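First the structure, in the form of structure tokens, and then the observations on it.
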Amino acid sequence: MGVEEESCQTRLVLGLGSIRGESKKSPPLTLSLFGETIDDLCGGQDSAASSLSNASVKRERDEEVDDTEDHRVSSDDDGSNGRKKLRLNKAQSALLEESFKHHSTLNPKQKQELARKLKLRPRQVEVWFQNRRARTKLKQTELDCELLKRCCESLTDENRRLHKELHDLKALKLAPPLYMHLPPAATLAICPTCERIGGTTASSEKAAKTSFAKPHFYNPFTNPSAAC
DNA sequence: AACCTCGTCCTACTTACGTCA
DNA sequence: GCTGACGTAAGTAGGACGAGG
């Protein structure tokens, strides 16, 4: 099936969502002209083109640039009006990915060059980059979400632990006989920040002194379990 | 200088096709 | 063969921005 065959066909694409009124942005019906510009079809400028959106006009202009290879399949063979979908081959995907690694956006020259190499229309290259950026962003959002979830879980655990510790300390305070079993007060070190009782070793004393000298700030993002 | 229009590019959202389990 | 989920190409609306009048 050649480009000429396809480009001569005017295809009416009916968006189901639009028909159902699901999309607030979409018009009820969309007339899609594949391979032909409005000007081509109307035989001149300033007729119907002026009523089209900028994007549509631009798209049609792009399509004029490269229609040398048919990556589309006409759906009119079977009499349906649905659009057929381009599938990029592995080589095309690989080159696009490689290009995306170097720059996630394209200038017009790069777009043209890439389209020429891939034997695609510049508009298709542009769309691929738009969708690729969207996928990258979505993936990053998912990763961020996962990280926040883990931080939240960590903070919840820490909070639970601190509550329990506070409860234990209060219980300890209300139980005088237990004082008898504790070491002399002078040997106890209490963390001024978390109010935990430290041990009597040199290291814990040192830690306590350090805590006095320099209050520690807990950053769950850099050190989720850094508290004491 | 301030404004308006136009063209272009982008994002966000959506639709619809192809594939696969 | 049918079906639902998923990935993705493509359509659309609207905003931002620069150029030119």
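The numbering used here applies: residue 5 is where the first sequence begins, and numbers increase by one.
By construction, the Cβ of each residue, glycine as well, lies at the ideal position given by its N, Cα and C atoms.
All figures in this text were calculated on a predicted structure; none of them were measured in a lab.
Through-space distance from residue j to residue i, alpha-carbon basis
i: R125; j: T140; result: 23 Å
i: C149; j: A179; result: 45 Å
i: P112; j: L122; result: 15 Å
i: R137; j: A95; result: 20 Å
i: C155; j: R164; result: 14 Å
i: K174; j: H167; result: 11 Å
i: R91; j: E146; result: 26 Å
i: H107; j: E169; result: 52 Å
i: E102; j: L118; result: 11 Å
i: L142; j: F104; result: 16 Å
i: D172; j: Q134; result: 57 Å
i: Q116; j: R127; result: 9 Å
i: R120; j: T109; result: 17 Å
i: N93; j: Q144; result: 26 Å
i: K89; j: K153; result: 37 Å
i: S158; j: Q114; result: 46 Å
i: E176; j: E162; result: Glu is not the amino acid found at residue 176; the sequence shown has Leu there. Each residue's alpha carbon lies about 21 Å from the other.
i: L151; j: T160; result: 14 Å
Cβ-Cβ separation, residue j to residue i (assumed contact under 8 Å), whole Å
i: W132; j: L100; result: 5 Å
Residue i: first and last residue of the uninterrupted alpha helix (DSSP H) it sits in
i: N111; result: Unbroken run through N111: none, as it is neither H nor E.
i: R165; result: 126-177
Among the options, the one whose alpha carbon lies nearest that of residue i
i: V129; options: T145, S97, H106; result: S97
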